[in-house]
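Visitor: Quick mapping for you: the protein sequence lines, in order, are chains A and B.
Just so we're aligned: the first sequence equals residues 1 to 121 in the UniProt record's numbering.
Just so we're aligned: the second sequence equals residues 1 to 121 in the UniProt record's numbering.
The C-beta atom is built at its ideal place from N, Cα and C for all residues, glycine as well.
Dropping the structure in here first, questions after.
Number of protein chains: 2
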Amino acid sequence: MKEDGIGLDVTLEVVCGKWKGLILWKLIHENHLRFNELRRSLDGNISSRILARELKKLIQDGLIERIDYETVPPRVEYRVTPYGRTTASFLEKMNEWGIHHKRRAYQQESLTDVSNQLKEQ
Amino acid sequence: MKEDGIGLDVTLEVVCGKWKGLILWKLIHENHLRFNELRRSLDGNISSRILARELKKLIQDGLIERIDYETVPPRVEYRVTPYGRTTASFLEKMNEWGIHHKRRAYQQESLTDVSNQLKEQ
DNA sequence: CGGCATCCCGTCCGATACTG
DNA sequence: CAGTATCGGACGGGATGCCG
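Next up, the structure:
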């Protein structure tokens, strides 16, 4: 038996929830997005309140940084830090797996359809 | 720009929450655990209610399977399915990253200590 | 042993409105 | 533009007790 999941728990904490993983993923691929830019790029259905909160958490963990240009009107950009970029190691894998899972879920539907048809005979 | 995070969202759904990732991880490394065996192996602080609920979700997604020996007293085992085992691709990476993150969080504390000492001067 | 029922709380998530 | 304030619902997670 190998050593246990000593690290998995904290990764789950960092990336968990509906949005933080997606935000990280976006910033890794886009580099420096402004608040509303980021908001619109996330399927459009995250509220500003939620986005602000999730961003704060990611900043606290040192994964992204906030650049305030101190202008009027305000201009703030968010960037992934070099450290935050290391999360790509598992986000990449998660994304790949998700794509397969979607394909499989679709096949699964077809299978149960067939199975139901068989049962009806 | 590459294609977007078309898969990440569903992976987050599957693995999200405090426990499902850890349960999968356990079953991948142990193969067929009984209910209370599994429960005790998870830091001991998951309630049976929560465990039962999370197991159901994982079964619905086809990641694990339940084998009921139909004996008295009851004997039920849980196993990861071949498909469930494919999640190891990202769980492995998440675990590695988490270990690094813990180490870094520790260093970070030392850094802020130093930073605070500097500010006091 | 392997759960389910009940109650409870804190957090997540969202819509809407508003501010500097 | 970049958020904050407020309200409210849904869900995750936990403690306790009971059942076949």
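For N31 (chain A), which residues in chain B fall below 8 angstroms Cβ to Cβ?
Guide: Stepping through the first sequence from its first residue, residue 31 (chain A) is reached at position 31. The premise fails here: N31 (chain A) is roughly 11 angstroms from chain B at the closest Cβ pair, so nothing lies under 8 angstroms.
Visitor: Going by DSSP in three states, E3 (chain B) sits in which element: helix, strand or coil?
Guide: Taking the second sequence and counting its residues from 1, one reaches residue 3 (chain B) at position 3. Unreliable positioning characterises E3 (chain B) in this predicted model, as indicated by a pLDDT of 47, which lies under 50. The coordinate reading is nonetheless provided below. Correct three-state label for E3 (chain B): coil.
Visitor: Can you check DSSP and say which residues form a bridge with D68 (chain B)?
Guide: Looking up residue 68 (chain B) in the second sequence gives position 68. Per DSSP, B:V76.
Visitor: Span of the alpha helix (DSSP H) holding W25 (chain B)?
Guide: Along the second sequence, read from residue 1 onward, the residue named residue 25 (chain B) stands at position 25. Note, W25 (chain B): alpha helix (DSSP H), 20 to 30.
Visitor: According to DSSP, is L42 (chain A) part of a helix, a strand, or is it coil?
Guide: Reading the first sequence from its first residue, position 42 is the one you call residue 42 (chain A). Coil, per DSSP.
Visitor: Could you tell me whether the Cβ atoms of L24 (chain B) and V76 (chain B) are closer together than 8 angstroms?
Guide: Translated into the one-based positions of the second sequence, residue 24 (chain B) becomes position 24. Translated into the one-based positions of the second sequence, residue 76 (chain B) becomes position 76. No.
Visitor: So with Cβ pairs under 8 angstroms, would you call S89 (chain A) a contact of chain B?
Guide: Along the first sequence, read from residue 1 onward, the residue named residue 89 (chain A) stands at position 89. Yes, its Cβ sits closer than 8 angstroms to a Cβ of chain B.
Visitor: Report yes if the CB atom of V72 (chain B) is closer than 8 angstroms to the CB atom of G98 (chain A), and no otherwise.
Guide: Numbered from its first residue, the second sequence carries residue 72 (chain B) at position 72. Numbered from its first residue, the first sequence carries residue 98 (chain A) at position 98. No, these two residues do not count as a Cβ contact at 8 angstroms.
Visitor: What residue range does the alpha helix (DSSP H) around G84 (chain A) cover?
Guide: For the purposes of this step, residue 84 (chain A) is taken as residue 84 along the first sequence, with counting starting at 1. It spans 82 to 85 - the alpha helix (DSSP H) in which G84 (chain A) sits, taken as one unbroken run.
Visitor: Report the neighbours of V10 (chain A) on chain B: residues whose CB is nearer than 7 angstroms to its CB, in chain order.
Guide: Here residue 10 (chain A) refers to the residue found at position 10 when the first sequence is read from its first residue. Near V10 (chain A) (Cβ distances below 7 angstroms), the residues of chain B are G98, H101, K102.
Visitor: Taking 8 angstroms as the CB-CB cut-off, is L22 (chain B) touching chain A?
Guide: As a working note, residue 22 (chain B) is residue 22 in the second sequence. Chain A, which has a Cβ nearer than 8 angstroms to the Cβ of L22 (chain B), makes this yes.
Visitor: If you check the beta carbons only, do I28 (chain A) and R66 (chain A) fall under 8 angstroms apart?
Guide: For the purposes of this step, residue 28 (chain A) is taken as residue 28 along the first sequence, with counting starting at 1. For the purposes of this step, residue 66 (chain A) is taken as residue 66 along the first sequence, with counting starting at 1. No.
Visitor: Report the option in B:E96, B:S48, B:S47, B:R104 whose CA atom is closest to the CA atom of L12 (chain A).
Guide: In the first sequence, residue 12 (chain A) corresponds to position 12, counting from 1. Checking every option, the nearest Cα to that of L12 (chain A) belongs to B:E96.
Visitor: Taking Cβ-Cβ distances shorter than 8 angstroms, what residues in chain B pair up with N95 (chain A)?
Guide: Your numbering for residue 95 (chain A) matches position 95 in the first sequence. The answer, in chain order, is G5, I6, G7, L8, T11.
Visitor: F35 (chain B): which of B:F90, B:V15, B:D68, B:G21 sits nearest, CA to CA?
Guide: For this step, residue 35 (chain B) is matched to residue 35 along the second sequence. Comparing Cα positions, the closest option is B:D68.
Visitor: From L55 (chain A) to H101 (chain A), what distance separates their C-alpha atoms?
Guide: Here residue 55 (chain A) refers to the residue found at position 55 of the first sequence. Here residue 101 (chain A) refers to the residue found at position 101 of the first sequence. Going by the C-alpha atoms only, they are around 28 angstroms apart.
Visitor: I think L58 (chain A) touches Y83 (chain A), with their Cβ atoms under 8 angstroms apart; what is that distance to the nearest whole Å?
Guide: Translated into the one-based positions of the first sequence, residue 58 (chain A) becomes position 58. Translated into the one-based positions of the first sequence, residue 83 (chain A) becomes position 83. Between Y83 (chain A) and L58 (chain A) the Cβ distance is about 11 angstroms, and since that is not below 8 angstroms, they are no contact.
Visitor: Hey, L51 (chain B) and L38 (chain B): beta-carbon distance below 8 angstroms or not?
Guide: Stepping through the second sequence from its first residue, residue 51 (chain B) is reached at position 51. Stepping through the second sequence from its first residue, residue 38 (chain B) is reached at position 38. Their beta carbons are under 8 angstroms apart, which means L51 (chain B) touches L38 (chain B) by this criterion.
Visitor: Between V14 (chain A) and chain B, is the shortest Cβ-Cβ distance under 8 angstroms, so that the two count as touching?
Guide: Taking the first residue of the first sequence as position 1, residue 14 (chain A) is located at position 14. Judged by the 8 angstroms Cβ criterion, V14 (chain A) is in contact with chain B.
Visitor: For chain A, check one thing: does any of its Cβ atoms lie closer than 8 angstroms to the Cβ of T81 (chain B)?
Guide: Here residue 81 (chain B) refers to the residue found at position 81 when the second sequence is read from its first residue. False, the Cβ-Cβ gap to chain A never drops below 8 angstroms.
Visitor: What's the C-alpha gap between E30 (chain A) and L33 (chain B)?
Guide: The residue you call residue 30 (chain A) lines up with position 30 of the first sequence. The residue you call residue 33 (chain B) lines up with position 33 of the second sequence. Approximately 43 angstroms, taken between the alpha carbons.
Visitor: According to DSSP, is L58 (chain A) helix, strand or coil?
Guide: Taking the first residue of the first sequence as position 1, residue 58 (chain A) is located at position 58. In this structure, L58 (chain A) counts as helix in the three-state DSSP scheme.
Visitor: Since K26 (chain B) and S41 (chain B) should fall inside the 8 angstroms C-beta cutoff, what is the C-beta to C-beta distance between them, to a whole number of angstroms?
Guide: Looking up residue 26 (chain B) in the second sequence gives position 26. Looking up residue 41 (chain B) in the second sequence gives position 41. Their Cβ separation, rounded to whole angstroms, is 6 angstroms, which keeps K26 (chain B) and S41 (chain B) in contact under 8 angstroms.
Visitor: Give the C-beta separation of Q90 (chain A) and K20 (chain B) to the nearest angstrom, bearing in mind that I take them to be a contact with Cβ-Cβ under 8 angstroms.
Guide: Position 90 of the first sequence, counted from the first residue, corresponds to residue 90 (chain A). Position 20 of the second sequence, counted from the first residue, corresponds to residue 20 (chain B). Looking at the sequence shown, residue 90 (chain A) is not Gln but Phe. Between K20 (chain B) and F90 (chain A) the Cβ distance is about 15 angstroms, and since that is not below 8 angstroms, they are no contact.
Visitor: Using the Cβ count rule (16 or more neighbours within 10 Å means buried), how would you classify Y78 (chain A)?
Guide: Numbered from its first residue, the first sequence carries residue 78 (chain A) at position 78. Looking at its Cβ environment, which holds 16 or more other Cβ atoms inside 10 Å, Y78 (chain A) is buried.
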